[in-house]
Amino acid sequence: MDHIPILQMGQILLVSIQVDMHDRLAMRLQNDLTNRIVAVGAKGVLIDISSLDIVDSFIGRTLSNISSMASVLDAQTVVVGMRPAVAITLVELGLSLQGVRTALNVDKGMTLLRTALSAATTDLGEAPDDRRKE
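With my numbering applied, the sequence shown has no gaps in its numbers, which climb one by one up to 993 at the end.
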């Protein structure tokens, strides 16, 4: 597989990594995902890594970079499905994935993203039920 599919669910892009990641595939995902965020105006990105047995330092940094790039492009990122062994490896490698939100599974990650997006909209005074009288 030379690319990872990116699905759109409203304003959220869903990426489920179902293959072993290698450096070239990670870079392709980074490029494809940032381009897709801009193309569709996505406000959230959910990356499911539950199928990954191993995450090396390069893949860990790439996930962190994707989150940072998405943030610059006005999209929030949540990484879900991290296995305990992967979490241990990342910590042992000194990668804290600063700025990367995590959740245990896709359901919890989607809830986290939707809550964050709803709060961001409300903070801007654009809540759907905000009916101001002029």
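Built from N, CA and C at the ideal position, the CB exists for glycine as well.
- Straight-line spacing of the CA atoms in V965 and L905 works out to 8 Å.
- Taking every protein chain shown into account, the CB of D879 has fewer than 16 other CB atoms within 10 angstroms, so this residue is exposed.
- Between the beta-carbon of I896 and that of L949 there is about 24 Å, and that puts the pair past the 8 Å contact cut.
- The alpha carbon of L866 has as its nearest neighbour, out of G903, R883, R942, the alpha carbon of G903.
- Contact annotation: G919 and L963 have beta-carbon atoms that are not nearer than 8 Å.
- Between L922 and L956, the gap from beta carbon to beta carbon is short of 8 Å.
- In the structure shown, the three-state DSSP call for A898 is helix.
- For L932, no beta strand (DSSP E) run applies, since DSSP gives it neither H nor E.
- Residue pairing of G903 in beta bridges, as defined by DSSP: I871, Q935.
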